[in-house]
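Chains as they are written, first to last, in numbering that gives the first Met the number 0: chain A, 0 to 157; chain B, 0 to 157. Backbone N, C-alpha and C fix where the C-beta goes; we use that ideal spot for every residue, glycine too. It should be emphasised that the depicted structure is a prediction, and the values quoted were computed from it without experimental measurement.
Number of protein chains: 2
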Amino acid sequence: MKEDRRASDRASVCSCVNLRRASRAITRIYDDALQPSGLKVTQYSVLANLSRAGAVSVSALARMLTLDRTTLVRNLKALEQAGFVEGAPSPDPRERGVSLSETGRAAVAKAQPYWLQAQQLIEEKLGAEGVRQLGALAIALEGSAGDDEAGDEPGETG
Amino acid sequence: MKEDRRASDRASVCSCVNLRRASRAITRIYDDALQPSGLKVTQYSVLANLSRAGAVSVSALARMLTLDRTTLVRNLKALEQAGFVEGAPSPDPRERGVSLSETGRAAVAKAQPYWLQAQQLIEEKLGAEGVRQLGALAIALEGSAGDDEAGDEPGETG
DNA sequence: CTCGTATGCGTGCATATACACGCATATACC
DNA sequence: GGTATATGCGTGTATATGCACGCATACGAG
Numbered sequence: 000m001k002e003d004r005r006a007s008d009r010a011s012v013c014s015c016v017n018l019r020r021a022s023r024a025i026t027r028i029y030d031d032a033l034q035p036s037g038l039k040v041t042q043y044s045v046l047a048n049l050s051r052a053g054a055v056s057v058s059a060l061a062r063m064l065t066l067d068r069t070t071l072v073r074n075l076k077a078l079e080q081a082g083f084v085e086g087a088p089s090p091d092p093r094e095r096g097v098s099l100s101e102t103g104r105a106a107v108a109k110a111q112p113y114w115l116q117a118q119q120l121i122e123e124k125l126g127a128e129g130v131r132q133l134g135a136l137a138i139a140l141e142g143s144a145g146d147d148e149a150g151d152e153p154g155e156t157g
Numbered sequence: 000m001k002e003d004r005r006a007s008d009r010a011s012v013c014s015c016v017n018l019r020r021a022s023r024a025i026t027r028i029y030d031d032a033l034q035p036s037g038l039k040v041t042q043y044s045v046l047a048n049l050s051r052a053g054a055v056s057v058s059a060l061a062r063m064l065t066l067d068r069t070t071l072v073r074n075l076k077a078l079e080q081a082g083f084v085e086g087a088p089s090p091d092p093r094e095r096g097v098s099l100s101e102t103g104r105a106a107v108a109k110a111q112p113y114w115l116q117a118q119q120l121i122e123e124k125l126g127a128e129g130v131r132q133l134g135a136l137a138i139a140l141e142g143s144a145g146d147d148e149a150g151d152e153p154g155e156t157g
């Protein structure tokens, strides 16, 4: 029982599996490139967004990242412990404001060239058009995920 | 500097972030569709491959799935506890053979129509061409992940 | 047979992801 | 003031992912 599958035959029929595979592969490429900076691409993403956003609430940041809020809560925890992220005052007591610390700003600055290197490598692999399509892909798939639900009243059926 | 991001502006500049976002989104779509079957798309993927492969070693299955072996070890654990996967004899004592149980076969059969539903939904969203490109994408990105080393360090010499 | 290498396996650790809950607080309505 | 609703937050639980390690076993060289 040999797996004799060539590249052209290795494409799964499942779009989800294909996309997840691509995601794992590209994550490895970026993490690899970012390795000297000590950041994972997921962490770099959070810090870079925070860098642009300034002081924001956890929920707001989660929306920016199109990431589940509770996921971000945990991702932030590590970044706070590393000293990259610190609390920020917020007008609304319900909100927890966060922002980049000086250390965090330095970390982003240090990592950025490595990130750019990965970006360029990807552009070589996929071409400018392929890169452009990736953005469209995410948007197309997010378009109706969880917003297309009907008939979910809060009144229990019993 | 106002942030007034609409859908078309919501595309990240980072290919990795875009792809990961797309991956999360499509995973949600498939998991959602598969929900009545009680399987996650990741689990369905393992079981479906096992269904085609028959009895295989953990490492061989991991290669089929382009998945880290140790990740698969843990994913299999849940499937074994659920009774979907069982041990299979192997000629080589080092290998641990696994195969679908009857229950597992039934689970795949039950889930398949839901999976197909998701497949079709995606094809509607992305078009046949878009779907085709996803397979190519994974392969393009896996192509040189970890087998191509470039000594092109950006600065950081001190 | 013995040693070194290759292969297969599982675990410890760290991180990512998200759903279900419950808690706290702002706000609208009365 | 008091109640219902909306919003923000963190945790418990479950799963996914991969790297570093160490253990067991096959296999070729001597």
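CB-CB length for residue i against residue j, believed under 8 Å
{"i": "A24/A", "j": "A135/B", "result": "Not a contact, Cβ separation roughly 12 Å."}
{"i": "V97/B", "j": "V40/B", "result": "Incorrect: roughly 19 Å between the Cβ atoms, too far for contact."}
{"i": "L46/A", "j": "V130/A", "result": "22 Å between Cβ atoms; not a contact."}
{"i": "A61/A", "j": "L18/B", "result": "In fact, because the Cβ distance is near 19 Å, the residues do not count as touching under 8 Å."}
{"i": "S50/A", "j": "R104/A", "result": "7 Å"}
{"i": "A139/A", "j": "L125/B", "result": "6 Å"}
{"i": "L64/B", "j": "L71/B", "result": "7 Å"}
{"i": "Y113/A", "j": "C15/B", "result": "Wrong, their Cβ atoms sit about 12 Å apart, outside the cutoff."}
{"i": "R73/A", "j": "V57/A", "result": "Actually they do not touch by this definition, with Cβ atoms about 11 Å apart."}
{"i": "V84/B", "j": "L99/B", "result": "6 Å"}
{"i": "L33/B", "j": "A110/B", "result": "6 Å"}
{"i": "S36/B", "j": "C13/A", "result": "About 14 Å; that fails the 8 Å criterion."}
{"i": "L78/A", "j": "Q42/A", "result": "6 Å"}
Beta strand (DSSP E) segment containing residue i, residue limits
{"i": "G96/A", "result": "G96 to L99"}
One or two residues paired with residue i in a DSSP bridge
{"i": "A87/B", "result": "G96/B"}
{"i": "S56/A", "result": "G96/A"}
Delimiting residues of the alpha helix (DSSP H) encompassing residue i
{"i": "K76/B", "result": "R68 to Q80"}
{"i": "Q167/A", "result": "Nothing can be reported for residue 167/A: it is not among the residues displayed for chain A, which extend from 0 to 157."}
{"i": "T26/B", "result": "S14 to L33"}
When Cβ atoms are compared, which residues of the stretch 96-119 of chain B fall closer than 9 Å to chain A? W114, A117 and Q118
Name the residues in the stretch 15-42 of chain B whose C-beta lies less than 7 Å from a C-beta of chain A; which are they? C15, V16, N17, L18, R19, R20, A21, S22, A24, I25, T26, R27, I28, Y29 and V40
Interface residues of the stretch 64-86 of chain A facing chain B [CB-CB below 9 Å]: L64, T65, L66 and D67
Of all the residues that make up the stretch 124-146 of chain B, which are near chain A by a beta-carbon distance shorter than 9 Å? Answer set for the stretch 124-146 of chain B: K124, L125, G129, V130, R131, Q132, L133, G134, A135, L136, A137, I138, A139, L140, E141, G142, S143, A144 and G145.
Residues in the stretch 44-62 of chain A with C-beta within 7 Å of chain B's C-beta atoms, listed in sequence order? S44
Could I get the ranges of all uninterrupted beta strand (DSSP E) runs contained in the stretch 95-130 of chain B, with 3 residues as the minimum, in chain order? 96-99
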